[in-house]
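*Asks:*
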Amino acid sequence: MAGLGVQAEQEPLLGDRTPGSREWDIIETEEHYKSRWRSIRILYLTMFLSSIGLAPTNCPPLQSWSPNYPPLQAWIFYCDNVNMALPPKALYFFFLQIDQTADTSFLGWVIASFSLGQMVASPIFGLWSNYRPRKEPLIVSIFISVAANCLYAYVHVPASHNKYYMLVARGLVGFGAGNVAVVRSYIAGATSLQERTSSMANTSACQALGFILGPVFQTCFALIGEKGVTWEAIQLQINMYTAPVLLGAFLGVLNIILILIILREHRVDDSGRQCKSINFEEASTDEIQIPQRSIDQVAVVTTNVLFFVVLFVFALFETILTPLTMDMYAWTGEQAVLYDGIILAALGIEAVFIFIGIKSLAKKIGERPILLGGLVIIWIGFFILLPWGNQFPKVQWEDLHNHSIPNTTFGEIIITLWQSPREDQSERPTGCPIEQAWCLYTPMIHLAQFLTSVVLMGIGYPSCNVMSYTLYSKILGPKPQGVYMGWLTASGSAARILGPVYISQVYTSCGPRWAFGLVCGIVVLTITLLGVVYKRLIAFSVRHGRIQE
Numbered sequence: 013m014a015g016l017g018v019q020a021e022q023e024p025l026l027g028d029r030t031p032g033s034r035e036w037d038i039i040e041t042e043e044h045y046k047s048r049w050r051s052i053r054i055l056y057l058t059m060f061l062s063s064i065g066l067a068p069t070n071c072p073p074l075q076s077w078s079p080n081y082p083p084l085q086a087w088i089f090y091c092d093n094v095n096m097a098l099p100p101k102a103l104y105f106f107f108l109q110i111d112q113t114a115d116t117s118f119l120g121w122v123i124a125s126f127s128l129g130q131m132v133a134s135p136i137f138g139l140w141s142n143y144r145p146r147k148e149p150l151i152v153s154i155f156i157s158v159a160a161n162c163l164y165a166y167v168h169v170p171a172s173h174n175k176y177y178m179l180v181a182r183g184l185v186g187f188g189a190g191n192v193a194v195v196r197s198y199i200a201g202a203t204s205l206q207e208r209t210s211s212m213a214n215t216s217a218c219q220a221l222g223f224i225l226g227p228v229f230q231t232c233f234a235l236i237g238e239k240g241v242t243w244e245a246i247q248l249q250i251n252m253y254t255a256p257v258l259l260g261a262f263l264g265v266l267n268i269i270l271i272l273i274i275l276r277e278h279r280v281d282d283s284g285r286q287c288k289s290i291n292f293e294e295a296s297t298d299e300i301q302i303p304q305r306s307i308d309q310v311a312v313v314t315t316n317v318l319f320f321v322v323l324f325v326f327a328l329f330e331t332i333l334t335p336l337t338m339d340m341y342a343w344t345g346e347q348a349v350l351y352d353g354i355i356l357a358a359l360g361i362e363a364v365f366i367f368i369g370i371k372s373l374a375k376k377i378g379e380r381p382i383l384l385g386g387l388v389i390i391w392i393g394f395f396i397l398l399p400w401g402n403q404f405p406k407v408q409w410e411d412l413h414n415h416s417i418p419n420t421t422f423g424e425i426i427i428t429l430w431q432s433p434r435e436d437q438s439e440r441p442t443g444c445p446i447e448q449a450w451c452l453y454t455p456m457i458h459l460a461q462f463l464t465s466v467v468l469m470g471i472g473y474p475s476c477n478v479m480s481y482t483l484y485s486k487i488l489g490p491k492p493q494g495v496y497m498g499w500l501t502a503s504g505s506a507a508r509i510l511g512p513v514y515i516s517q518v519y520t521s522c523g524p525r526w527a528f529g530l531v532c533g534i535v536v537l538t539i540t541l542l543g544v545v546y547k548r549l550i551a552f553s554v555r556h557g558r559i560q561e
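According to my numbering, the sequence shown holds residues 13 to 561 in order.
1) So what does DSSP say about I250, is it helix, strand or coil?
2) Quick one, are the C-beta atoms of V158 and W391 less than 8 Å apart?
3) Considering Cα atoms alone, identify which of T501, K486 and L57 is closest to I307.
4) Is T344 helix, strand or coil when you go by DSSP?
5) Between the alpha carbons of R555 and R276, how many angstroms are there, rounded?
6) With C-beta atoms as the reference, is R508 less than 8 Å away from L248?
7) Considering only residues of the stretch 172 to 250, which uninterrupted alpha helix (DSSP H) runs meet the minimum length of 4 residues and lie entirely inside it, listed in chain order?
8) Which one of L55, M212, I457 and C162 has the shortest CA to CA distance from S9?
9) Under the assumption that Y198 contacts T315 (Cβ atoms under 8 Å), give the Cβ distance between them as a whole number of angstroms.
10) Output the boundary residues of the alpha helix (DSSP H) element that contains P524.
11) Can you tell which of V132, T215, F394 and Y546 has its C-alpha closest to the C-alpha of V531?
12) Roughly how many angstroms lie between the CA atoms of M59 and N191, to the nearest whole one?
13) Return the chain-ordered list of same chain residues with a C-beta closer than 6 Å to the C-beta of L150, the five sequence neighbours on each side being excluded.
14) Just the Cα atoms here: how many angstroms apart are P524 and A506?
15) Classify Y453 as buried or exposed, calling it buried when 16 or more other Cβ atoms lie within 10 Å of its own Cβ.
16) Rounded to a whole number of angstroms, what is the C-alpha to C-alpha distance between S553 and G264?
17) Are T242 and A165 close, meaning C-beta to C-beta below 8 Å?
18) Excluding the 5 residues preceding and the 5 following A217 in the sequence, name in chain order all residues of the same chain whose CB lies nearer than 6 Å to its CB.
19) Apart from the five residues on each side of it in sequence, which residues of its chain come closer than 8 Å, Cβ to Cβ, to Y546?
20) Span of the alpha helix (DSSP H) holding Y481?
21) Which of the three DSSP states is assigned to Q130 in this structure?
22) Between which two residues does the alpha helix (DSSP H) carrying C451 extend?
23) Using only alpha-carbon positions, find the residue among K147, L542 and Y496 that is nearest to I273.
24) Could you please give the first and the last residue of the uninterrupted alpha helix (DSSP H) stretch that includes E379?
25) For Y56, which residues in the same chain have their Cβ closer than 7 Å to its Cβ, ignoring the five residues on either side in sequence?
26) What residue range is occupied by the uninterrupted alpha helix (DSSP H) comprising A551?
27) Taking the beta carbon of T305 as the centre, do at least 16 other beta carbons fall within 10 Å, making it buried, or is it exposed?
28) Can you say whether H44 is buried or exposed, counting buried as having 16 or more other CB atoms within 10 angstroms of its CB?
29) In three-state DSSP terms, what is V518?
30) Whose CA, out of V132, P170 and T203, lies closest to the CA of K46?
31) Please determine, among Y177, P399, F233 and A261, the residue with the shortest C-alpha to C-alpha distance to S465.
32) In whole angstroms, what separates the C-alpha of L184 from that of A261?
33) Where do the ends of the alpha helix (DSSP H) carrying P145 lie?
34) Around the C-beta of G533, are 16 or more other C-beta atoms found within 10 angstroms, so that it is buried, or is it exposed?
35) Once DSSP output is grouped into helix, strand and coil, what is the label at P335?
36) Comparing C-alpha positions only, which one of S63, F126, K491 and R196 sits nearest to I52?
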């Protein structure tokens, strides 16, 4: 079978090869071809399974959380990427049993620990994957996530310091999530230039699909109820709170088994020819040596900056959904949770279609125009969100005696709100809080503006996300990309930490005009940066004249 030309109909998903193209002439045995794509598909599945367990929730800033819910306990679980978006009222009773000593300062560390763990782990796993078989960091990282999920399920057992166990569990799950760098570096190294965009888009589509289906599966666990069943022999409680993490642990074990059985080391150069590398298991006389040439570090740093900005603006957009809709449209907390959850689910579905369609578009016009167009669309989306007109949001004109405390922190205000007499949700005041002075003079953002912006973000963000990864992998060339992919993933983790911090501070203090206006300025600077280095964002082989663009 040596020397068999792979036919177009054998290409998985959306094929990249066409008669007469460079890829048509690549010599690859059928056995090698099938093994290579089986391994890539296993990593698609890895991204999907990890995304089910890490489905993000619509997390508002702490000061914007509805005072009808217990502030610390409910908010931490509602915003927790490790668990599902269960009803906040139910989450309160679970966390109240765990540790009643948590305060707002500790809460911030728990929420940030996932991204911090991923930011630290990504370069480490990336470096590991450069010098050892990629199976090793993948299996170890997934095992860490499995162990963290098990710890999460048992966090109620210790007699004290439960909040610290929660912090460790969440941080370890984030640490395990650092394997995203290994997955993307493997796919980048196992695909040719023509296959790269399609493969990266498929990876992101599987991740988005997991984010969509995760909350669906998780919501089903509510049927188990709060009591559930208890396995006395091992002190394991299986209820609506612990079932999601136990499912995550089971999927992790299944993922490890599939990786052990199916995943093989494959590396190809930009043309699709097999390459030797230090972590390649099986040698072949057909393999070639990787050329030792320099990487364009300016293009590398620029792509990291572009990726940071893309993740930064999406993280702050996702964060501000709930407080924005509660302030502008006088939605109650429960209405905001429901409607914004539907909006985020629709965004996920839209993103999957964008990921699928963008592969064909990239073949026609290339990655750089799509990245530029995506940034322009994001800018338009935020520009549309700027308030205009002479219609103002409904303001909460109620007695503020029990609802604002001068010279105190937002956390103290919320604790006081929780300690005040509870009222039925239907009796709670709705609208823009008078504590936010801008509510009195800032025009409201009309619902049509908001929904249009949501649609545009659903187009711009996935386009920029995929193109950033694709361009980055092509700029790096055929050398092992683990460390570089680790830094890219770390920059995304930093963006997910800083984005919510920025929007919660600026929006609350200055209002949407300043918050979104500054974002528009950031995106304009990013577009300018892209324009300056536009010609340098080319594939490694194109830069060195081995392949024509």
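Positions of the beta carbon are idealized from the N, C-alpha and C atoms, including for glycine.
*Replies:* With the structure as the only source:
1) By one-based count along the sequence shown, residue 250 stands at place 238. Strand, per DSSP.
2) Locating residue 158 in the sequence shown gives position 146, where the first residue counts as 1. Locating residue 391 in the sequence shown gives position 379, where the first residue counts as 1. No.
3) Numbered from 1 along the sequence shown, position 295 holds the residue referred to as residue 307. Comparing Cα positions, the closest option is K486.
4) The residue labelled residue 344 in the question sits at position 332 within the sequence shown. Correct three-state label for T344: coil.
5) The residue labelled residue 555 in the question sits at position 543 within the sequence shown. The residue labelled residue 276 in the question sits at position 264 within the sequence shown. Near 30 Å, if we compare the C-alpha coordinates of R276 and R555.
6) As a position in the sequence shown, residue 508 is number 496, starting the count at 1. As a position in the sequence shown, residue 248 is number 236, starting the count at 1. The answer is no: Cβ separation not under 8 Å.
7) Segments of the alpha helix (DSSP H) lying fully in the stretch 172 to 250: 174 to 188, 192 to 201 and 205 to 232.
8) Shown here, the chain extends from 13 to 561; a query on residue 9 therefore has no answer.
9) For the purposes of this step, residue 198 is taken as the residue at position 186 of the sequence shown. For the purposes of this step, residue 315 is taken as the residue at position 303 of the sequence shown. That pair is no contact at about 19 Å.
10) Start at 1 with the first residue of the sequence shown, and residue 524 comes out as number 512. P524 to V544 is the extent of the alpha helix (DSSP H) around P524.
11) Residue numbering aside, residue 531 sits at position 519 when the sequence shown is read from its first letter. Scanning V132, T215, F394 and Y546 for the CA closest to the CA of V531 turns up F394.
12) In the sequence shown, counting from the first residue as 1, residue 59 sits at position 47. In the sequence shown, counting from the first residue as 1, residue 191 sits at position 179. Going from the Cα of M59 to the Cα of N191 covers about 9 Å.
13) The residue given as residue 150 occupies position 138 in the sequence shown. Shown here for L150: same chain residues with a beta carbon closer than 6 Å to its own, the five before and five after excluded, namely N191, V194 and I271 in chain order.
14) Counting from 1 along the sequence shown, the entry for residue 524 is found at position 512. Counting from 1 along the sequence shown, the entry for residue 506 is found at position 494. In a straight line, the C-alpha of P524 is about 23 Å away from that of A506.
15) Here the question's residue 453 lines up with position 441 in the sequence shown. Looking at its Cβ environment, which holds fewer than 16 other Cβ atoms inside 10 Å, Y453 is exposed.
16) Here the question's residue 553 lines up with position 541 in the sequence shown. Here the question's residue 264 lines up with position 252 in the sequence shown. Approximately 37 Å between the Cα atoms of the pair.
17) Taking the first residue of the sequence shown as position 1, residue 242 is located at position 230. Taking the first residue of the sequence shown as position 1, residue 165 is located at position 153. Pairing T242 with A165 gives a Cβ-Cβ distance that is not under 8 Å.
18) Here residue 217 corresponds to residue number 205 of the sequence shown, with the count starting at 1. Correct list, in chain order: V364 and F367.
19) Here residue 546 refers to the residue found at position 534 when the sequence shown is read from its first residue. Exclusion of the five residues before and after Y546 leaves R380 and L384 as the residues of its chain whose Cβ lies within less than 8 Å of its Cβ.
20) The sequence position of residue 481 within the sequence shown is 469, counting from 1. In this chain, the alpha helix (DSSP H) harbouring Y481 covers L459 to L488.
21) Counting from 1 along the sequence shown, the entry for residue 130 is found at position 118. Here Q130 sits in helix by DSSP.
22) The residue given as residue 451 occupies position 439 in the sequence shown. It is not in any alpha helix (DSSP H) - C451 carries neither H nor E in the DSSP assignment.
23) Translated into positions along the sequence shown, residue 273 becomes position 261. Residue K147 is the option with its Cα nearest to I273.
24) Start at 1 with the first residue of the sequence shown, and residue 379 comes out as number 367. E379 to I396 is the extent of the alpha helix (DSSP H) around E379.
25) Position 44 of the sequence shown, counting from 1, holds the residue named residue 56. Taken in chain order, the residues that qualify are N214, T215 and C218.
26) By 1-based counting over the sequence shown, the position of residue 551 is 539. Per DSSP, A551 lies in no alpha helix (DSSP H) segment and is marked neither H nor E.
27) What you label residue 305 is simply residue 293 of the sequence shown in a count that begins at 1. According to the sequence provided, residue 305 is Arg. The question's Thr does not apply to it. The residue is exposed, with fewer than 16 neighbouring Cβ atoms inside 10 Å.
28) Here residue 44 corresponds to residue number 32 of the sequence shown, with the count starting at 1. With 16 or more other Cβ atoms within 10 Å, it is buried.
29) Translated into positions along the sequence shown, residue 518 becomes position 506. V518: helix per DSSP, three-state reduction.
30) The residue given as residue 46 occupies position 34 in the sequence shown. When each option's Cα is compared against that of K46, the closest is T203.
31) Locating residue 465 in the sequence shown gives position 453, where the first residue counts as 1. It is P399 whose Cα lies nearest to the Cα of S465.
32) For the purposes of this step, residue 184 is identified with residue 172 of the sequence shown, where counting begins at 1. For the purposes of this step, residue 261 is identified with residue 249 of the sequence shown, where counting begins at 1. So the alpha carbons of these two residues sit roughly 13 Å apart.
33) In the sequence shown, residue 145 corresponds to position 133, counting from 1. Taken as a continuous stretch (DSSP letters only), P145 belongs to no alpha helix (DSSP H), as it is neither H nor E.
34) Numbered from its first residue, the sequence shown carries residue 533 at position 521. With a 10 Å radius around the Cβ and a threshold of 16 neighbouring Cβ atoms, G533 comes out exposed.
35) Looking up residue 335 in the sequence shown gives position 323. DSSP places P335 in helix when its eight states are reduced to three.
36) Looking up residue 52 in the sequence shown gives position 40. Measuring from the Cα of I52, the nearest candidate turns out to be R196.
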